[in-house]
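Read the sequence shown against my numbering and you will find it ends at 1026, with the numbers running on by one and no gaps. Where a beta carbon is used, it is the ideal one built from N, C-alpha and C, also for glycine. All of these numbers come straight from a predicted model, not from anything done at the bench.
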Amino acid sequence: MQEIKCPNCGEVFQVDESGYNKIAQQVRDQEFAKEIDRREKELQAKQDKELALIRLREEKEHTDDLTKKEAEIAAREQTIAALQAQLKAGETEKNLAVSEAMEKKNREFSQEAKAHSEKLLQKEAEIADRDRRITELQAKLSAGETAMKLAVAEAVEKKNEELSQKTAEIADLRGELKSKETENRLHEQSIKEQYEDKLRLKDEQLEYYKDFKARQSTKMIGESLEQHCLAQFNSLRMTAFPNAYFEKDNDARTGSKGDFIYRECSEDGTEFISVMFEMKNEADTTATKHKNEDFFKELDKDRREKGCEYAILVSLLEIDNELYNNGIVDVSYKYPKMYVIRPQFFIPMITLLRNAAANSLQYRRELQMVRNQQVDILHFEENMNAFKEGFARNYRIASEKFATAIEEIDKTIDHLQKTKAALLSSENNLRLANNKADELSIKKLTKNAPSVKAMFDELKQET
């Protein structure tokens, strides 16, 4: 039994555990509802501000376009007025030129008449000729006036055509301006619809998470997210991932383990992607709130120990953090190839990584082929080095044996030389002995022995 004190009257009363849980549930539901209302109001206010800013921006652009078009129309009207003024000035100048020419001719004629009044009779022929010339000049003058009138008429007609063209251009510009206004209204309407769709999606997500957490029991909080992701994957396993492996990580020999391991191989058995998944969730009433960063180090350790390429944390922690609510969060600046996602991005994330790895499969095969070639080259180099070392050893031993044999031959040759010298010396001594034997005679033997010589002489005489 627990005691609860009323904050208004101060009365203390006792409630059992179920009653206390009901009161806590009511308070939690009210706070959650207030939080949802507050978030909805904030989102609505943010949307209204953005729509107001967009509307102000569009109105400013529209006003700027109108001002620009009005300035262009005013400039063109000023140009038309200037052209009309120039046309009127041309007509006035023409009339003044004709009047001046007539006055000049009349003035010349009067001066000549006064100067030659006394010679009028004598100069009749000259006067007639002069009259003829005056008639020609008048004809030319009238012809010039006609040509000038025609030119003026052509100029006026040309100016009228230009004016009509300018009027048509002004009408086209006004039509473009109206189409621009219509386009701006349609663009504003489409932006409003997009924001309404985004707001509706956020409302749906809030309702989904609210319903998702409301349906969870205390014991199922840790496992429900895993079951949810497993059910999502199994619903698409045979159609989208027929060659994939996605099972619980039950190997805890290293002291820790992740939740799921995803692996996929190509048709020839080459693995081209592997992902270590960790799912984290907690109840709203948990006293100590965990953060996503608390699990990065352990997840990276599990990824490296299990030989996976990527590490993904599927988390419902920090539910109010906009960083993790916006979509896929890359945290590879802390740990390599690690991402944090919400459950709704579970299948899209697998698809993105799998498609990227599948596209690089050919490059992996080529890289593996190059590595195999490098291994073959390494083995070839090792074999060649072994052959070179064996050949060098055998050559060294053979060289040593050959040197020993040459040394022994040299010794034998030296011995034979000594033997040859001894034999040659013996031959010389034998030759000398033979010569001495050939030169031996009784006379020489008895040269210094007179008694023996006498005996030999006696024997010689007896014979």
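- Annotation: the continuous alpha helix (DSSP H) that includes I960 extends over L924 to E1002.
- Spanning the alpha carbons of N946 and N957 requires a straight line of approximately 16 Å.
- Secondary structure note for L876: its beta strand (DSSP E) is the uninterrupted segment Y873 to S878.
- About 4 Å separates the Cβ atoms of C871 and S837, confirming a contact at the 8 Å cut-off.
- For A807, the uninterrupted beta strand (DSSP E) run begins and ends at A807 to K811, by DSSP.
- In this chain, the beta strand (DSSP E) harbouring R826 covers F823 to C828.
- Just measuring C-alpha positions, the residue of T817, M839, N992 and C828 sitting nearest P805 is C828.
- Measuring C-alpha to C-alpha distances from R737 to each of I960, T630 and D766 identifies T630 as the nearest.
- In terms of Cβ geometry, V877 and M842 form a close pair [threshold 7 Å].
- In this structure, D865 keeps its C-beta atom at 7 Å or more from the C-beta atom of G818.
- Collapsing the DSSP output to three states places V894 in coil.
- In the three-state reduction of the DSSP assignment, S819 falls in the coil class.
- Residue environment for R905: buried (at least 16 other C-beta atoms within 10 angstroms of its C-beta).
- Annotation for K864: the continuous alpha helix (DSSP H) segment containing it runs F859 to E868.
- Approximately 7 Å separates the beta-carbon atoms of Y825 and A807; this is inside 8 Å, confirming the contact.
- Beta-bridge partners assigned by DSSP to S837: R826.
- Put simply, the backbone Cα of Q936 is about 39 Å away from that of F796.
- In the DSSP assignment, the residues bridged to V903 are L876 and V892.
- Burial is judged here by how many other beta carbons sit within 10 angstroms of a residue's own beta carbon; L619 has fewer than 16 and is exposed.
- Following the DSSP letters along the chain, one finds F1019 inside the alpha helix (DSSP H) bounded by residues P1013 to E1025.
- For E744, same chain residues with a beta-carbon under 8 Å away, outside a window of 5 residues either side, are H625 in chain order.
- DSSP, reduced to helix, strand and coil, places K852 outside both helices and strands of the structure shown, so it counts as coil.
- From the listed residues D766, Q647 and L788, the smallest Cα separation to E720 is found for Q647.
- For L924, the CB contacts under 8 Å within the same chain, skipping 5 residues up- and downstream, are S829, T833 and F835 in chain order.
- When the Cα atoms are used, I754 and L606 turn out to be separated by approximately 16 Å.
- Nearest neighbour of K765 by Cα position, chosen from L941, A615 and I599, turns out to be I599.
- In the DSSP assignment, K843 is bridged to S878.
- Apart from the 5 residues on each side of it in sequence, K983 has no Cβ closer than 7 Å to any other Cβ in its chain.
- Apart from sequence neighbours up to five positions away, the residues of its chain that approach I875 with a beta-carbon distance below 7 Å are V838, F840, Y902, I904 and M912, ordered along the chain.
- Under the three-state reduction of DSSP, G738 is assigned to helix.
- Assigned with DSSP and collapsed to three states, F909 falls in helix.
- The alpha-carbon separation between N922 and Q593 amounts to approximately 50 Å.
- Approximately 12 Å separates the beta-carbon atoms of E881 and N844; this is outside 8 Å, ruling out the contact.
- In the three-state scheme derived from DSSP, where H, G and I count as helix and E and B as strand, N884 is classed as coil.
- In this structure, the beta-carbon distance from E868 to N747 does not fall below 7 Å.
- Taking 8 Å as the upper bound for CB-CB distance, F859 and Y887 are not in contact here, some 13 Å apart.
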